[in-house]
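Comments concern the structure below.
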Amino acid sequence: MVIITQDMIKQLQNLMETADEPFKITFENLHQGYPTETMIRFLKARDGNISKAHSMLVDCLKWRTENEIDKILSKPIIPAEFYRSLRDSQLIGMSGYTKDGRPVIAVGVGLSTYDKASIHYYVQSHIQINEYRDRVILPSATKKFERHISTCVKVLDMTGLKLSHLNQIKLLTVISGIDDLNYPEKTDTYYIVNAPYVFSACWKVVKPLLQERTRKKVQVLSGCGRDDLLKIMDYESLPHFCRRQGSGSSKYTRSSTVDDCCFSFDHGFHQQLYNYINQQAAGTKPRAPIKQASFHVGFPEPDPTGCKIVQTIETEFHKLENQNHFTDVQNDNKMNEKHQKETST
């Protein structure tokens, strides 16, 4: 892994001083008082190549300016019941903090359906969570833990992952592309839990295609990952689907309540997020009535590596689909246990 030197940072800093004024303003919103650390993130994302890091950062600022990302936290998704349907179909939330203060973001990959709205609403919601994390959650954690905290950890629950999820690849690729290009190096580690065979089979062929930097961030844990995750966070911060073997990421398990399930609109995190966005909207001028409409954001062009990974996943899914005994994931419990052990090593 490349080591970012002070000279690299200085050169990038000199290049950024020539940026146009609108870019300088949005850069302030991006770095939240930590410009050096932000430039380090972009340098890491481009393996220390100053020219490429500068181009990436300028493209990010252009994307933010053209799509008014600085205002996205004042654009509520209404009405509330419609937003609830997004939360029920795009399973993501925050369950707590690691012992060293990083936010724990939980994602229900296998049970997210993305079938209650257009792609624009899901993209808007995803970016709002990113911006709320960066502008509110991380600064709050920095103050609470008395050290600069700029990254989170993500726990990805693969419960319910089936071959039919191939239909969601376009949307997931768009969201992934937005994160890679505009929010680089914001996730310290990705923990994969409750991985069925369909994930294990794809992971074996996709893993070699990933950059070494990305591969090192991914850890596939055995079962629900509870014991491993308790090494870095307290029980109260565990996502509900990690609290006992076989719990899964269904909205409410036998041992969980609405308050436990960080995917629920009624969870504290989403209530605070939604209230914050509505308060920001109320403070904008002019105070025109808010209409129900998605906040359209430009989608990034997929890079060649990303396209190759998507094609590989599609090919692997189709291979499994042609094997009758792999089409019903629920009947493969014994095989799942075997491959969970294999992928965790």
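The sequence shown stops at residue 357 when you use this note's numbering, and every number in between is there. Using N, Cα and C, we set each Cβ at its ideal position, and we do this for glycine too. As the structure is a prediction and not an experimental result, all values here were calculated from the model.
Bounding residues of the alpha helix (DSSP H) (the contiguous stretch that carries residue i)
i: residue 112; result: First-last for residue 112: undefined, no H or E at that position.
i: residue 18; result: 18-28
i: residue 217; result: 209-218
i: residue 70; result: 62-78
i: residue 183; result: 181-194
i: residue 45; result: Segment: none, residue 45 is in no alpha helix (DSSP H) and carries neither H nor E.
i: residue 100; result: 92-101
i: residue 295; result: It is not in any alpha helix (DSSP H) - residue 295 carries neither H nor E in the DSSP assignment.
i: residue 224; result: 224-227
i: residue 239; result: 238-241
Closest by C-alpha distance to residue i, when choosing among the options
i: residue 311; options: 154, 243, 278 and 186; result: 186
i: residue 189; options: 29, 75 and 45; result: 75
i: residue 251; options: 218, 128, 104 and 307; result: 104
i: residue 115; options: 121, 107 and 122; result: 107
i: residue 238; options: 248, 231 and 254; result: 254
i: residue 139; options: 179, 285 and 25; result: 285
i: residue 200; options: 53, 22 and 278; result: 53
i: residue 308; options: 192, 272, 87 and 57; result: 87
i: residue 198; options: 217, 219, 234 and 161; result: 161
i: residue 362; options: 282, 95, 96 and 30; result: Given a span of 13 to 357 for the chain in the structure shown, any question on residue 362 remains unanswerable.
i: residue 30; options: 69, 235 and 287; result: 69
i: residue 287; options: 15, 148 and 47; result: 148
Cβ neighbours of residue i in the same chain (closer than 7 angstroms, five flanking residues each side left out)
i: residue 20; result: 55, 60 and 62
i: residue 180; result: 126
i: residue 146; result: 44
i: residue 154; result: 160 and 161
i: residue 36; result: none
Pairwise C-alpha distance: residue j and residue i
i: residue 259; j: residue 205; result: Per-residue confidence for residue 259 stands at a pLDDT of 44, beneath the threshold of 50, marking its modelled position as unreliable; the derived number appears in the next sentence. Whole-angstrom Cα-Cα distance: 11 angstroms.
i: residue 363; j: residue 79; result: Since the first residue shown for the chain is 13 and the last is 357, residue 363 is missing from the structure and cannot be characterised.
i: residue 163; j: residue 240; result: 20 angstroms
i: residue 117; j: residue 166; result: 5 angstroms
i: residue 214; j: residue 226; result: 16 angstroms
i: residue 223; j: residue 128; result: 34 angstroms
i: residue 49; j: residue 134; result: 29 angstroms
i: residue 34; j: residue 40; result: 10 angstroms
i: residue 66; j: residue 23; result: 9 angstroms
i: residue 91; j: residue 26; result: 46 angstroms
i: residue 336; j: residue 243; result: Reliability of the predicted coordinates at residue 336 is poor, the pLDDT of 46 falling under 50, and the value obtained from them is presented with this limitation in mind. Taking the straight line from one Cα to the other gives about 39 angstroms.
i: residue 293; j: residue 84; result: 9 angstroms
i: residue 152; j: residue 44; result: 12 angstroms
i: residue 217; j: residue 18; result: 37 angstroms
i: residue 150; j: residue 249; result: 16 angstroms
i: residue 290; j: residue 202; result: 31 angstroms
i: residue 51; j: residue 219; result: 28 angstroms
i: residue 42; j: residue 192; result: 15 angstroms
i: residue 295; j: residue 16; result: 40 angstroms
i: residue 275; j: residue 232; result: 21 angstroms
i: residue 32; j: residue 177; result: 43 angstroms
i: residue 93; j: residue 28; result: 43 angstroms
i: residue 327; j: residue 236; result: 27 angstroms
Unbroken beta strand (DSSP E) run spanning residue i, endpoints
i: residue 200; result: 199-205
i: residue 164; result: 164-169
i: residue 232; result: 230-232
Residues of its chain near residue i, where Cβ-Cβ distance is below 6 angstroms and the 5 sequence neighbours each way are ignored
i: residue 131; result: 183
i: residue 71; result: none
i: residue 142; result: 195
i: residue 125; result: 101
i: residue 173; result: 122, 208, 210 and 211
i: residue 38; result: 73, 76, 77 and 82
i: residue 266; result: The predicted model places residue 266 with a pLDDT of 37, which falls under 50 and marks its position as unreliable, so this point remains unresolved.
i: residue 64; result: 58
i: residue 277; result: 96 and 99
i: residue 261; result: Annotation note: pLDDT 49 at residue 261 (below 50); position unreliable, no value reported.
i: residue 230; result: 202
i: residue 157; result: 113
Residue i: CB within 7 angstroms of a non-hydrogen atom of the ligand COA
i: residue 239; result: As far as ligands go, the structure on display features none, and thus does not contain the ligand COA.
Own chain residues within Cβ distance below 8 angstroms of residue i, not counting five before or after
i: residue 119; result: 103, 104, 166, 167, 168 and 169
i: residue 246; result: 108 and 111
i: residue 98; result: 89, 128, 129, 133, 134 and 137
i: residue 46; result: 160 and 162
i: residue 342; result: Low confidence applies here, because residue 342 scores a pLDDT of 44, under 50, leaving its location unreliable and the question unanswered by this model.
Counting only runs of 4+ residues fully inside the stretch 110-165, write out the alpha helix (DSSP H) ranges in chain order.
-> Listed in chain order, they are 131-144 and 150-157.
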